Structures are given as structure tokens and as C-alpha cells.
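J.: Per the working numbering, the sequence shown runs over residues -11 to 502. C-beta atoms are modelled at their ideal positions from N, C-alpha and C, and glycine is treated no differently. What you are looking at is a predicted structure, and each value in this text was computed from that prediction instead of being measured.
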Amino acid sequence: MAKAVASLVSSGASMEREAWFAQALQCETDGYPVTCRATVSAAGNVGFDNEDTVTDRCDAWAAEAESFVPAQRTGEAANDNARGIVTARAIFALALDTQPARVDLWRSAADMERAHGGAEDLEQLLKRAVRYCPQAEVLWLMAAKEKWVHQGDVPGARVILEEAFTANPASEAIVLAAVKLESETGQHSRALKLLERARATGFASSNGGEQMAMGTPRVWMKSAVLLRQLDRADEALKLAGNAVELFPEFHKLWLIKAQLEDVPVARQTLSRALKKCSREPVLWTAAAQLELQSQQRNAARARAILERARVYIPREPLLWLEAVRLEAGENMDAARAVMARALQECPRAGMLWAEAILLEPRAQRKAKSVDAMRSTDAHDPFVTVVVARLFWSERRVDKARLWFERAARADPDFGDAWAWWLRFELEQRSLARISSPVADGALPATDGDATAATADGAPPADVHIARIETACAQAAPCHGQYWPQIAKAPANARLATKDVLYKVADFLGSTRQL
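Printed below as a string of C-alpha cells:
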């Protein structure tokens, strides 16, 4: 094959590289994977000249490999037989053989294998990756996660992390990954020992500067969080107190300390925190919420805190959102007035536009949603979710489902989108069961019935729900307005993503409805 391609090139009769790769794809489709790989290997350098560097070639190959990776729908299972996988693998192999020290190439190839390949293919790829790039933390972490999460091999994941730490003894990320592995598999004493050792270890600072002699802020934070999860609140509070003295500019430590304290002491803690971290909006909102949660519920004091916060951090959507919600609890007209000011300050903030839609009377919400979509990013998850909820409130089920899926696909890390989508599908299942009761052992009467079984015997609603569960677990979301507070609650610390998903979906019933 190589001689044939070289002969054609020398005679000027060769095709473009893209055409050769298209022929390789045809060989794959016809069931000749060896010929496919040989074609890619032989024609890979066609079209490049002496001015193209090795990096240029590898970048081009990576882009071409990505173009052969088949699209995957949300929640769809990996398919090792999908058309284009063999061709994409061969092109990635060409790039990796040429520049084996390129971490980004290994990551791209690993992402493809995770989505479309088998567990063994991904494992072998990552073994090669860490051999060529031993200082690449991300590759070690991907390998450990694959062993633990997808293969259920905890001892194997532990071995990988031990090897990773040997290669990267000053890596905070690897230490915390080992802590997570031990704590989530019930080995709490091992996790605590790892953290204790880490708090006395020198780590490279995140900005590449000198080492931190007393661990890192994140190590101390994880230590306090784990102690709190184990109902050792006094120890957690003491450790958090020491931590804020060591790392006074790390705002999350102040938040944890305040959460462990009674209201009067927490108020003092947050006051100190705001002097050290005055540009962290979450500290200001925590201080305002503390006033609303106290027995006296001092709304005036909360309002003053938020006004002061906006002096320190102008044009911060989160602060305006908190102010709007504070007013909405007492006076909707006042809330709308604050929202008008907020949108003037932050005209492209999706979280504000989403709340603005909710504040409108029912008849005006559609018009407001049009304004929101024009003013924000086309894929803003806050606005997209609210638009889906509008369709839901109008019983336009297919439209609602389409927009919920659009929100989840646009930003898989936005946990609220998954939870709202699940809540919607759970309601559709309940309505279908109520409207079309089926006698024991009997099939629904009509094919169009919402409870009609699919080819595998499952009702469509159950299929949608299962899809959401699978896709959300794969995405492992961390962000959102409600997802983090539910996921990080001590009682939920050891829950799987699926369980957190259901808890958030249930909690959403207590939020502002359409």
C-alpha cells in the first residue's frame, strides 16, 4: 500500500489526503479494517510539504480524526462498531506515533474511546499515554477513573494512583483523587490518613511558584469536609479554624467554618471573611442568607449587605439575583424594579433573564422569553431550561423535551438542567399511567398511547428517564443554582450521581413554579 501511494504521488496522479481517508472509511464500512488502517498509514503524509512542521501535521491529523468520530446522542451507549471508529483510531495512531509526548492528543483519543470504544481499548490507550507522559496528571486521573468508575476495580484504581503519585509526588490533584477513592468506597480511616499526610506535605502552588509547606487550601478544605461528613463536627470546626489562619484568602474555607457555627459566631466569621475576600460574591450571598435564616429574619440587614456587595463587585449577576429573590419574597413589584436595574447592569446574564421570565405574569412570559433568547448566548442553560419549562406549562410535551435535551447537551455540567428534565419526564410517566390504566397482564389498546411499550417492552416514559439517568451519570455535573447545595450536603456526600439527580429533582418542587 505504501509503495502504491508513493508511486502515485511521484507520478502526480495521487488523490488528496482527504480522499484517501474517505477510501479508508469505505474499506472500514465494507468490513476490511486492516486495509483501512494500511490506507491511513500509507497516505497520512500526502499533501504536506517541507514547510509543515511535525506539530502542524499532528494538529491536522487530530482534526481529521475528529471528523470521522460519529456523533453520539445524549444518553446513548458507546458503540464500538459505529462507522468511522476504525478510521479515526488509525489517524489518531498516526499522530500519536509522531508526537507521543502530546498530552492533548492522548486526551482526544481517550475521549473517543470512552464514547465509542470498549473498556479494554481505553485501558490500553491510557497505559501507553502515562508511559509517554508520566507527568501529565490528567492522564493518570483518567486511567484511575476508568478503572474505578467504569470497571468497578477499586484495587486497580488504587495501584494506578500509587504509580501516579510516584511519578508526581507534589501533585495535589492525585492526592485528592486518592482521598476521593478511599472515602467513597468506605475506607474513611485511609482517606483521613492521606489527608493528614498531605497537610504536612510540600506541594507546588497552583501558579507554578514555590512550594506550600503546609499542604494546600484544597487539602485543608477536603479534610474539614470529610470530618463533617463523618459527623465529627467539632474536629472539622477546629481544623477549619486553623485553615483560615493559614490560608485567609481562600474563601471556601471561611464558608465551611461558618456552616459549622451557630448564627452569631457564623456572622462574625463571615464578617472577617469579607475583609479578606471582598470580591467573592458567594461570601456576600452567604452573609445575606444568614440574616434571613436567623430567628429574627432581618431582611433589612440582608438588603444592606447585598447593596454593599455591589459596591465591591459591580455587575455581578449572582448578587443581583439574590437581591431580586429577597424582594420577591415580600413584594413582587419591588422585585421587578430591582430586576430592571439588574438587567441594565448585566444585560447578557442568563441567570437574571431566566428569573425575569419567572417574575412576569403568565400572559407576558412568552414575550419575555423571546427577549431573553435575543439578549443571551444561544445555548445559555438558564434561559434554555426556563423556555423548556414554559412549553411544559403549556402541555407542549415534545417541545419541552426537545428544549430540556438542548439545555443538557449544551452544558452537561449544569446539573439543574438534568434535574428539571427528569422532573418533567417523571410527571409525564405519572400522567400517562393515570390517563391510560392498563389491566394486569394486558397491553394498552392503541399504538399511540403514551404508555405503549417500545420494542424492548419498556414504556416510552421509562426509556426517557433511563436515558437521563445514564447521560447525567456520564456527565457527572457539578454546577447549577441548586445542584451543588444538594450534592454537597453532608447527608448526601456518598450518594451516586443518579441519587443526587433524584434529590435535586424533588427539591425543585419547592422553587418558583410556572
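When you compare the CB positions of Ala290 and Trp308, do they come within less than 8 Å of one another, or not?
T.: Locating residue 290 in the sequence shown gives position 302, where the first residue counts as 1. Locating residue 308 in the sequence shown gives position 320, where the first residue counts as 1. Against a cut-off of 8 Å, the Cβ pair of Trp308 and Ala290 comes out as no contact.
J.: Less than 6 Å between C-beta atoms, sequence neighbours within five positions excluded: which residues of the same chain meet that for Ala430?
T.: The residue labelled residue 430 in the question sits at position 442 within the sequence shown. Only weak support is given to the placement of Ala430: the predicted model assigns it a pLDDT of 44, under 50, and the question is left unresolved by the model.
J.: Which term fits Pro252, buried or exposed, when burial requires 16 or more other beta carbons within 10 angstroms of its beta carbon?
T.: Taking the sequence shown and counting its residues from 1, the one referred to as residue 252 is at position 264. Pro252 should be labelled exposed.
J.: Nearest CA to the CA of Pro236: which residue from Val142, Phe392 and Glu268?
T.: Here residue 236 refers to the residue found at position 248 of the sequence shown. Out of Val142, Phe392 and Glu268, Glu268 has the C-alpha closest to the C-alpha of Pro236.
J.: Is the beta carbon of Arg95 closer than 8 Å to that of Val126?
T.: For this step, residue 126 is matched to residue 138 along the sequence shown. For this step, residue 95 is matched to residue 107 along the sequence shown. Contact flag set, yes.
J.: Within 10 angstroms of its Cβ, does Met320 collect 16 or more other Cβ (buried), or is it exposed?
T.: Mapped onto the sequence shown, residue 320 falls at position 332. By the neighbour-count rule (16 or more Cβ atoms within 10 Å), Met320 is not buried but exposed.
J.: Cβ atoms of Glu413 and Ile453: under 8 Å apart, would you say?
T.: Taking the first residue of the sequence shown as position 1, residue 453 is located at position 465. Taking the first residue of the sequence shown as position 1, residue 413 is located at position 425. In contact: Ile453 and Glu413 (Cβ atoms closer than 8 Å).
J.: Can the beta-carbon of Leu271 be found less than 8 Å from the beta-carbon of Leu258?
T.: Indexing the sequence shown from 1 puts residue 271 at position 283. Indexing the sequence shown from 1 puts residue 258 at position 270. At the C-beta level, Leu271 and Leu258 come within 8 Å of one another.
J.: If you check the beta carbons only, do Arg71 and Pro58 fall under 8 Å apart?
T.: On the sequence shown, position 83 is the one that residue 71 refers to. On the sequence shown, position 70 is the one that residue 58 refers to. Yes, they are a contact pair.
J.: Go ahead and pull the three-state DSSP assignment for Phe379.
T.: The residue labelled residue 379 in the question sits at position 391 within the sequence shown. Note: Phe379 maps to helix in three-state DSSP.
J.: Between which two residues does the alpha helix (DSSP H) carrying Ser96 extend?
T.: Within the sequence shown, numbered from 1, the residue matching residue 96 stands at position 108. In this chain, the alpha helix (DSSP H) harbouring Ser96 covers Val91 to His104.
J.: Less than 8 Å between the C-beta atoms of Val80 and Leu13, yes or no?
T.: Locating residue 80 in the sequence shown gives position 92, counting from the first residue. Locating residue 13 in the sequence shown gives position 25, counting from the first residue. The question names Val, but residue 80 is Phe in the sequence shown. No. Outside cutoff.
J.: Measure the C-alpha to C-alpha separation of Lys210 and Ala484 and round it to an integer number of angstroms.
T.: Taking the first residue of the sequence shown as 1, we reach residue 210 at position 222. Taking the first residue of the sequence shown as 1, we reach residue 484 at position 496. Cα to Cα, Lys210 sits roughly 18 Å from Ala484.
J.: Around the Cβ of His367, are there at least 16 other Cβ atoms within 10 angstroms (buried) or fewer (exposed)?
T.: Position 379 of the sequence shown, counting from 1, holds the residue named residue 367. Result: exposed.
J.: Taking the alpha carbon of Glu233 as the reference point, which residue from Ala261, Arg216, Arg220 and Asp85 has its own alpha carbon closest?
T.: Position 245 of the sequence shown, counted from the start, is the residue given in the question as residue 233. The residue with the shortest Cα to Cα distance from Glu233 is Ala261.
J.: Checking contacts by CB at 8 Å: is Thr23 closer than that to chain B?
T.: Protein chains in the displayed structure number just one, and chain B is not present.
J.: Among all the DSSP beta bridges, which residues are the ones paired with His467?
T.: Start at 1 with the first residue of the sequence shown, and residue 467 comes out as number 479. Phe402, per the DSSP bridge assignment.
J.: Using CA atoms only, rank isn't needed, just tell me which of Ala51, Leu280, Ala342 and Ala274 is closest to Ala297.
T.: As a position in the sequence shown, residue 297 is number 309, starting the count at 1. Among Ala51, Leu280, Ala342 and Ala274, the Cα nearest to that of Ala297 is on Ala274.
J.: Rank Thr75, Asp219 and Trp49 by C-alpha distance to the C-alpha of Glu16 and give the top, closest one.
T.: The count along the sequence shown starts at 1 and reaches residue 16 at position 28. Closest by alpha carbon: Thr75.
J.: Mark Gly436 as exposed unless 16 or more other C-beta atoms lie within 10 angstroms of its C-beta, in which case mark it buried.
T.: Working through the sequence shown from its first residue, we reach residue 436 at position 448. Caution applies to Gly436, whose pLDDT of 40 falls short of 50 and renders its modelled position unreliable; the value that the coordinates give is listed next. Label assigned to Gly436: exposed.
J.: Compute the Euclidean distance between the alpha carbons of Thr173 and Ala166, then round it to the nearest angstrom.
T.: Counted from its first residue, the sequence shown places residue 173 at position 185. Counted from its first residue, the sequence shown places residue 166 at position 178. Answer to the nearest angstrom: the Cα atoms are 11 Å apart.
J.: Need the endpoints of the alpha helix (DSSP H) that Phe495 sits in, please.
T.: Counted from its first residue, the sequence shown places residue 495 at position 507. First-last of the alpha helix (DSSP H) with Phe495: Thr485 to Phe495.
J.: Span of the alpha helix (DSSP H) holding Glu170?
T.: Reading the sequence shown from its first residue, position 182 is the one you call residue 170. Counted as a single uninterrupted DSSP element, the alpha helix (DSSP H) harbouring Glu170 occupies residues Glu160 to Glu172.
J.: Judging by CA-CA distance, which residue of Val326, Arg220, Gln139 and Gly140 is the nearest neighbour of His176?
T.: The count along the sequence shown starts at 1 and reaches residue 176 at position 188. Ranking Val326, Arg220, Gln139 and Gly140 by Cα distance to His176 puts Arg220 first.
J.: Taking C-alpha atoms, which residue in Pro122, Leu215 and Ala132 lies nearest to Ala481?
T.: In the sequence shown, the residue the question calls residue 481 occupies position 493. For Ala481, the nearest C-alpha among the options comes from Leu215.
J.: Beta carbon of Leu113, beta carbon of Ala97: below 8 Å?
T.: For the purposes of this step, residue 113 is taken as residue 125 along the sequence shown, with counting starting at 1. For the purposes of this step, residue 97 is taken as residue 109 along the sequence shown, with counting starting at 1. The answer is yes: Cβ separation under 8 Å.
J.: Tell me the rounded alpha-carbon separation between Lys245 and His138.
T.: The residue labelled residue 245 in the question sits at position 257 within the sequence shown. The residue labelled residue 138 in the question sits at position 150 within the sequence shown. Each residue's alpha carbon lies about 35 Å from the other.
J.: Determine whether the beta carbon atoms of Ala360 and Val371 lie at a separation below 8 Å.
T.: Start at 1 with the first residue of the sequence shown, and residue 360 comes out as number 372. Start at 1 with the first residue of the sequence shown, and residue 371 comes out as number 383. Contact: yes.
J.: When you compare only the Cα positions, how much space is there between Ala443 and Arg421?
T.: As a working mapping, residue 443 is identified with position 455 in the sequence shown. As a working mapping, residue 421 is identified with position 433 in the sequence shown. Model confidence at Ala443 stands at a pLDDT of 49, short of 50, so the residue's coordinates are unreliable and nothing is read from them.
J.: Leaving aside the five residues before and after Trp136 along the sequence, list all residues of the same chain whose C-beta is less than 7 Å from its C-beta, in chain order.
T.: Position 148 of the sequence shown holds residue 136. Taken in chain order, the residues that qualify are Val142, Ala145 and Leu169.
J.: Within a Cβ cutoff of 8 Å, which residues of the same chain sit near Gly203, ignoring the five residues on either side of it in sequence?
T.: Locating residue 203 in the sequence shown gives position 215, counting from the first residue. If we look at Gly203 and ignore the five residues flanking it on each side, its Cβ neighbours are Ala186, Arg187, Ala188, Thr189 and Phe191.
J.: Near Lys264, what residues of its chain come up, given a Cβ to Cβ distance below 7 Å and the 5 sequence neighbours on each side ignored?
T.: The count along the sequence shown starts at 1 and reaches residue 264 at position 276. Answer for Lys264: Pro236 and Glu237, listed in chain order.
J.: Might you give, ordered along the chain, the residues of its own chain that have their beta carbon closer than 8 Å to the beta carbon of Gln256, omitting 5 neighbours on each side?
T.: As a position in the sequence shown, residue 256 is number 268, starting the count at 1. Here the set comprises nothing.
J.: Mapping the DSSP letters down to three states, classify Glu52 as helix, strand or coil.
T.: For this step, residue 52 is matched to residue 64 along the sequence shown. Helix, per DSSP.
J.: From this set, Glu151, Lys486 and Ala342, which residue's C-alpha is nearest Ala132's C-alpha?
T.: Position 144 of the sequence shown, counted from the first residue, corresponds to residue 132. Of the listed residues, the one whose Cα sits closest to Ala132 is Glu151.
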